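Peer 1: Count along the sequence shown starting at 1, add 50, and that's the number in the numbering used here.
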Amino acid sequence: MKVDAFDFDLPAEFIAQRPAVPRDSARLLEIGDGLHDRVIADLPGLLRPGDVLVVNDTRVIPARLAGRRGQARVEVTLHQHDGGDRWRAFARPARKLRPGDRIDFADGFSAEVAAKGKGGEVTLDLHANGCDLRTALDRHGHVPLPPYIKRPDLSDARDRADYQTAFAERDGAVAAPTAGLHFTDDLLAAIAARGVTRVHLTLHVGAGTFLPVTAADTDDHPMHAEWGEVTADAARAINAARDAGGRVVAVGSTSLRLLETAADTGGRLRPFAGDTDLFITPGYEFRVADLMLTNFHLPRSTLFMLVSAFAGTGTMKAAYRHAMKNGYRFYSYGDGCLIHRRDGAP
Numbered sequence: 051m052k053v054d055a056f057d058f059d060l061p062a063e064f065i066a067q068r069p070a071v072p073r074d075s076a077r078l079l080e081i082g083d084g085l086h087d088r089v090i091a092d093l094p095g096l097l098r099p100g101d102v103l104v105v106n107d108t109r110v111i112p113a114r115l116a117g118r119r120g121q122a123r124v125e126v127t128l129h130q131h132d133g134g135d136r137w138r139a140f141a142r143p144a145r146k147l148r149p150g151d152r153i154d155f156a157d158g159f160s161a162e163v164a165a166k167g168k169g170g171e172v173t174l175d176l177h178a179n180g181c182d183l184r185t186a187l188d189r190h191g192h193v194p195l196p197p198y199i200k201r202p203d204l205s206d207a208r209d210r211a212d213y214q215t216a217f218a219e220r221d222g223a224v225a226a227p228t229a230g231l232h233f234t235d236d237l238l239a240a241i242a243a244r245g246v247t248r249v250h251l252t253l254h255v256g257a258g259t260f261l262p263v264t265a266a267d268t269d270d271h272p273m274h275a276e277w278g279e280v281t282a283d284a285a286r287a288i289n290a291a292r293d294a295g296g297r298v299v300a301v302g303s304t305s306l307r308l309l310e311t312a313a314d315t316g317g318r319l320r321p322f323a324g325d326t327d328l329f330i331t332p333g334y335e336f337r338v339a340d341l342m343l344t345n346f347h348l349p350r351s352t353l354f355m356l357v358s359a360f361a362g363t364g365t366m367k368a369a370y371r372h373a374m375k376n377g378y379r380f381y382s383y384g385d386g387c388l389i390h391r392r393d394g395a396p
């Protein structure tokens, strides 16, 4: 499938630089039988008793680091843990880095380049003398904001709170599951009062989610793997809700991809723990999710391809045109969509 089919023009003024305050005051475009302009706080009334809300409880770590190789400045974004203190990372600039090079981030905190991959990827052995790696990252790392969110520095104090979801529990993500950023305690209480259950999954979002699709055809795009887990209790609860006639509402593309990874051909969820590199494009037959809550995504991105598979490319392009015409805010800190699945959508 040609990547050009997922292109559209988005002027920079639509890209949100800060989230809505409060979070559930963000706008919500319901995409199903037509387009309906709402706000996130309306979500409980759009769900039904017996539905199950599936959220991602990953927690973003301060994985973006500024350092120096000699006198040269190097920025590093950790994206996949390889065990111990070894991480795969994207470095900028990466062209002159070689195995054995040392990158200094702060006194007593450095990395050695263990290997060099493609597309700016390197493998790093991190050294945090006198403290554990998590403490060093908390002290010297920055929130790994996507490149379209502009800051004078790599991030600021507000981002430390703004770029975590209400569900964040398990350290490991280097990008936020941004659909979860819309939830507040009051909203979650209203959803529970509606008779909707909530189930937590974990998928540690990697920095690969920010990488552009450079291939001309989707068949030639390699997806970066991300680690996820569906526990036996989570699988049991979601299966039970479906058996009782409830709908599965996936909060974010990360939850949806993990659900699809863990489902068998009949749509039954099984416990799962491991990597997933599932790449969903139009023509994919969904097995679990009935609705998804997600943000507005970049043109030509794997995420826009996923929502196009869920509701139809034409439907999603029309929805995005409507959103721009009506002043919706796009991307990670922007507004949301509640999308009803449309099977067989072109």
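Built from N, CA and C at the ideal position, the CB exists for glycine as well. Just so it is clear, the structure is predicted and the values come from calculations on it, not from any experiment.
Can you give, in chain order, each stretch of the alpha helix (DSSP H) that sits fully within the stretch 142-199 and has at least 4 residues?
Peer 2: 183-190
Peer 1: According to the neighbour-count rule (16 or more other Cβ atoms, all chains shown, within 10 Å of its Cβ), is V71 buried or exposed?
Peer 2: exposed
Peer 1: Check the DSSP bridge columns for N345 and list the partner residues they point to.
Peer 2: G386
Peer 1: Should D236 be labelled buried (16 or more other beta-carbon atoms within 10 Å of its own) or exposed?
Peer 2: Under a 10 Å Cβ-count criterion, D236 is classified as exposed, with fewer than 16 other Cβ atoms of the shown protein chains found around its own Cβ.
Peer 1: Of the choices H254, R77 and P262, whose alpha-carbon is the least far from that of C387?
Peer 2: Each of H254, R77 and P262 was checked against the Cα of C387, and the nearest Cα belongs to R77.
Peer 1: Report all residues from its chain with a CB closer than 8 Å to the CB of G222; omit the five preceding and five following residues, and keep chain order.
Peer 2: The residues are T108, R109, I111, H131, T252, H254 and W277.
Peer 1: In the structure shown, what three-state DSSP assignment does A76 receive?
Peer 2: coil
Peer 1: Specify, as a first and last residue, the run of the beta strand (DSSP E) that F322 falls within.
Peer 2: F322 to T326
Peer 1: Would you mind sorting D209 into buried or exposed? The rule is 16 or more other CB atoms within 10 Å of its CB.
Peer 2: buried
Peer 1: If I'm right that D175 touches A164 with Cβ under 8 Å, what's the distance once you round it to whole angstroms?
Peer 2: 5 Å
Peer 1: Please say whether A359 and I330 have beta carbons closer to each other than 8 Å?
Peer 2: yes
Peer 1: Determine the direct distance from the alpha carbon of P272 to that of T264, and round the result to whole angstroms.
Peer 2: 10 Å
Peer 1: If you follow the beta strand (DSSP E) that R88 is in, where does it begin and where does it stop?
Peer 2: G84 to V89
Peer 1: Who are the near neighbours of A294 in its chain, counting only those whose CB is closer than 7 Å to its CB and skipping five residues on each side?
Peer 2: Around A294: G100.
Peer 1: What are the boundary residues of the beta strand (DSSP E) that includes V110?
Peer 2: Start and end: T108 to V110.
Peer 1: Which stretch, first to last residue, makes up the alpha helix (DSSP H) that contains D92?
Peer 2: Run containing D92: none; DSSP gives neither H nor E here.
Peer 1: Using a Cβ-Cβ cut-off of 8 Å (strictly less than) and excluding sequence neighbours within five positions of V89, which residues of its own chain qualify?
Peer 2: Closer than 8 Å at the Cβ level, and outside the excluded window around V89, lie D74, S75, A76, R77 and L78.
Peer 1: Quick test of your reading: A285 and V102, contact by CB under 8 Å. State the CB separation rounded to the nearest angstrom.
Peer 2: No, A285 and V102 are not in contact; Cβ-Cβ is about 12 Å, not under 8 Å.
Peer 1: Indicate the three-state DSSP secondary structure (helix, strand or coil) for F140 in the structure shown.
Peer 2: strand
Peer 1: In this structure, how does DSSP classify E219 when only helix, strand and coil are distinguished?
Peer 2: coil
Peer 1: Since L238 is in the alpha helix (DSSP H), which residue starts that stretch and which ends it?
Peer 2: Its alpha helix (DSSP H) spans residues D235 to A243.
Peer 1: Using a Cβ-Cβ cut-off of 7 Å (strictly less than) and excluding sequence neighbours within five positions of P321, which residues of its own chain qualify?
Peer 2: V280, T281, A282 and A285
Peer 1: Under 8 Å by Cβ, that's how I've got G302 and N106 pegged, so tell me the actual separation to the nearest angstrom.
Peer 2: 6 Å
Peer 1: Give the DSSP-derived three-state secondary structure of T281 in the structure shown.
Peer 2: coil
Peer 1: Can you give the beta carbon distance from G398 to G158, rounded, assuming they're within the 8 Å contact cut?
Peer 2: Nothing about residue 398 can be read from this structure; the chain reaches only from 51 to 396.
Peer 1: Return the residue from the list G191, T352 and R248 that minimises the CA-CA distance to A55.
Peer 2: With distances taken between Cα atoms, A55 lies closest to T352.
Peer 1: Please say whether R119 and I152 have beta carbons closer to each other than 8 Å?
Peer 2: Here residue 152 is Arg; the residue named in the question, Ile, does not match the sequence. Closer than 8 Å, so yes.
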